[in-house]
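Enquirer: Numbering (our numbering), first residue to last: 5 to 165.
Note that CB positions come from ideal geometry on N, CA and C, so glycine has one too.
Below is one structure. I have some questions about it.
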């Protein structure tokens, strides 16, 4: 892979990260106006659980398991069984993203935000897989870096809105 392609793939990765971060901040800002402040309070972890445990679950184990369940399995299944069918890729992306969103059912707004994130993760997976690179690794890394950002803001610095 030449330097130009490498740079473009880094830009692709960081563009998706930027979109995820902006999306999550928009959700936090708009949520109280859409469904009320009390329903927007999302408590992922009890702060008494300790930062190391929260970090391990949210930055390492969560993204690893979710990438396997919601991107790896559906996308690899698509490539093995349905690749030749027109538009079937988008069905797999849609279904896996909806299930990913429902698995984040803290409130209706976070479900839709997670569906959007699921679409981005799936598109990223397919992008890197089609380049002959490890789609799982890049998707896991994007998810982990995004969750690391959220961990630093929410759990480490306590900068919630």
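Taking only three categories from DSSP, how would you classify residue 101?
Expert: Taking the first residue of the chain shown as position 1, residue 101 is located at position 97. It is helical.
Enquirer: Just the C-alpha distance for residue 68 and residue 76, rounded to the nearest angstrom, thanks.
Expert: Locating residue 68 in the chain shown gives position 64, counting from the first residue. Locating residue 76 in the chain shown gives position 72, counting from the first residue. So the two alpha carbons sit approximately 10 Å from each other.
Enquirer: Do you know offhand how far residue 166's Cα is from residue 113's?
Expert: The structure shown does not extend to residue 166, since the chain is modelled only from 5 to 165, so the question has no answer here.
Enquirer: How big is the Cα-Cα spacing for residue 150 and residue 24?
Expert: Here residue 150 corresponds to residue number 146 of the chain shown, with the count starting at 1. Here residue 24 corresponds to residue number 20 of the chain shown, with the count starting at 1. So the alpha carbons of these two residues sit roughly 7 Å apart.
Enquirer: Measure the beta-carbon distance from residue 148 to residue 63 and round it to whole angstroms, keeping in mind my assumption that it falls under 8 Å.
Expert: Here the question's residue 148 lines up with position 144 in the chain shown. Here the question's residue 63 lines up with position 59 in the chain shown. Contact flag correct, Cβ pair sits at about 5 Å.
Enquirer: Just how far apart, CA to CA, sit residue 108 and residue 102?
Expert: Taking the chain shown and counting its residues from 1, one reaches residue 108 at position 104. Taking the chain shown and counting its residues from 1, one reaches residue 102 at position 98. Each residue's Cα considered, the two are about 10 Å apart.
Enquirer: Per DSSP, what kind of secondary structure is residue 50 in: helix, strand or coil?
Expert: By one-based count along the chain shown, residue 50 stands at place 46. DSSP places residue 50 in coil when its eight states are reduced to three.
Enquirer: Which whole-angstrom value describes the C-beta separation of residue 117 and residue 28, a residue pair presumed to lie in contact below a C-beta threshold of 8 Å?
Expert: On the chain shown, residue 117 is found 113 positions in, with the first residue counted as 1. On the chain shown, residue 28 is found 24 positions in, with the first residue counted as 1. Residue 117 to residue 28, Cβ: 7 Å. Contact.
Enquirer: Can you tell me the Cα-Cα spacing of residue 26 and residue 86, whole angstroms?
Expert: Along the chain shown, one-based indexing puts residue 26 at 22. Along the chain shown, one-based indexing puts residue 86 at 82. The straight-line gap from Cα to Cα measures roughly 34 Å.
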